[in-house]
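For the sequence shown, full-length UniProt numbering begins at 1 and goes up steadily by one. Ideal Cβ positions, reconstructed from N, Cα and C, are used throughout, including at glycine. Quantities reported herein were computed from a predicted structural model and do not represent experimental measurements.
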Amino acid sequence: MSSDVRADAATSEPKEMISKEELAASYGKSAAGYESMLDQEVIDKKVLYDKIVDMLLSGLGELEGPVADVSCGPGHVLAMLQERQKARPLMGSDLCQDMVDRAAKRLPDATFQRADMTDLSGAFKDAQLAGMINMFAIHHVDETGVKAALGEASRVLRGNGCLLLAQLGTAVLSFFKNPSGSCSSER
């Protein structure tokens, strides 16, 4: 990823984005602490996380097939989904191998691999997924990366698949591809 300069939302000061390699290494170094923090956050913000899973299930409706979290971290959201839909195949990917390993330990029946949300070609086939989750990760890429990540979501989702995209500091948005290929959203 090329270096990109953005304004920090809190200070309006420009900040430089770090490379994907640096990002993965940073999450790798803090994987245990990050997992512990999320363990507590899922308890403290249960209503929010339940709503996120509810939105995904609503978007999926009766659509069967696998759901993937493309920024799965240690697998918390997929674990919540598994509690509600035990038979649904679950998949996950993350830029950081340490996170992939932790998610695989948490959900031994799911499939996980290291992948970049902007290029999922080695992880998922065209129209393979009924649903996709991308939570709290899109801010790690520049505008070109956002376009690539959304393009990859469109590629791997079935024609009527559901993308749940959540970003820090904003409303949770869920996008539903309809047969025409356009998307609608809910807040």
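Please state the DSSP three-state secondary structure of residue 118.
The answer is coil: DSSP assigns residue 118 none of H, G, I, E or B.
Measure the alpha-carbon distance for residue 172 versus residue 64 and round it to whole angstroms.
Residue confidence is low: residue 172 scores 44 on pLDDT, short of 50, so the model does not pin down where it sits. Its coordinate-derived value is still stated next. Taking the Cα positions, residue 172 is about 23 Å away from residue 64.
Burial state of residue 37, where buried means 16 or more other Cβ atoms lie within 10 Å:
The Cβ neighbour count for residue 37, taken over all protein chains shown within 10 Å, is under 16; the residue is labelled exposed.
Tell me whether residue 84 is buried or exposed, calling it buried when 16 or more other Cβ atoms sit within 10 Å of its Cβ.
Burial call: exposed.
Ignore the nearest five residues each way along the sequence and tell me which others in residue 82's own chain have a CB closer than 7 Å to its CB.
Taken in chain order, the residues that qualify are 90 and 107.
Just how far apart, CA to CA, sit residue 137 and residue 57?
So the alpha carbons of these two residues sit roughly 21 Å apart.
Closer than 7 Å: residue 37 CB and nearest the ligand ATP heavy atom:
You won't find the ligand ATP in this model; it holds no ligand whatsoever.
CB-CB under 7 Å to residue 155, same chain, minus the five flanking residues each way: which ones, in chain order?
If we look at residue 155 and ignore the five residues flanking it on each side, its Cβ neighbours are 126.
Please name the residue in 122, 101 and 140 whose C-alpha comes closest to that of residue 76.
The option with the nearest alpha carbon to residue 76 is 101.
Kindly list the residues whose CB is nearer than 8 Å to the CB of residue 67, restricted to its own chain and excluding five residues on each side of it in sequence; keep chain order.
Leaving aside the five residues that flank residue 67 on each side, the residues in its chain whose CB is nearer than 8 Å to its CB run, in chain order, 56, 60, 78, 81, 88, 89, 90, 91, 129, 130, 131, 132 and 133.
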